[in-house]
Amino acid sequence: GSDNLCQDDIYEGTSKAAEGFGANEVLKLMVKDQMNVECHIQDGDSTSENVVLKHFPLCRVLRCGNHVAKNHAIKLDKLRKLKEMTTNDGVRVECYCKGKKHAKHCGCLTEKFIRNAKASFQMCLTN
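Just so you know, our numbering puts the end of the sequence shown at 129, numbered straight through with nothing missing.
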């Protein structure tokens with residue numbers, strides 16, 4: 003930018019692309035120094051995974067439990083807001099409390115259920 007805070011060239015692509023670009027630069031140095039990566043823990047970003055496997059094809063890539071739990075909770079929250087949906091096999095389902103408040107035990111996803119599901123997932127990872 004015009005503020006001159008940094009003398010170095012700044013990556014001009016998107017931040018998502020910068021992550022893969024930066025990983026590639028670091029991993030090239032690791033290969034040059036004859037280092038090996040056996041396990042890489044990351045979020046679900048396929049760009050980083052592809053770069054790691056390019057330099058270390060035998061590396062095990064694992065998903066970060068915190069990212070998985072957070073993303074799963076986000077997906078559940080989106081489902082919670084739906085009163086009707088079509089499943090992957092084409093079946094249309096509808097909440098029987100559509101048009102009114104949720105019944106006490108209606109079976110719909112609630113914020114409390116999502117919080118508990120996320121906490122249960124974290125406990126499973128920890129144990």
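Ideal Cβ placement from N, Cα and C applies to all residues, glycine included.
So, with DSSP's three-state summary, where would you put residue i?
{"i": "L60", "result": "coil"}
{"i": "T49", "result": "helix"}
{"i": "G130", "result": "Nothing can be reported for residue 130, as the shown portion of the chain is limited to 3 through 129."}
{"i": "H74", "result": "helix"}
{"i": "K30", "result": "helix"}
{"i": "G3", "result": "At G3 the pLDDT is 48, less than 50, meaning the model places this residue with poor confidence; the figure from the coordinates comes in the next sentence. If DSSP states are grouped into helix, strand and coil, G3 belongs with coil."}
{"i": "K80", "result": "helix"}
Assuming residue i is part of the beta strand (DSSP E), what are its boundary residues?
{"i": "E96", "result": "94–96"}
{"i": "C41", "result": "41–44"}
Which residue or residues does DSSP assign as beta-bridge partners of residue i?
{"i": "T89", "result": "In DSSP, T89 forms no bridge with anything."}
{"i": "R65", "result": "Q44"}
Where do the N-terminal and C-terminal ends of the alpha helix (DSSP H) with residue i fall, by residue?
{"i": "N118", "result": "113–128"}
With a cut-off of 8 Å on the beta carbons, I'd call residue i and residue j a contact; round off their distance for me.
{"i": "V33", "j": "H69", "result": "The pair is not a contact, with the Cβ atoms about 26 Å apart (cut-off 8 Å)."}
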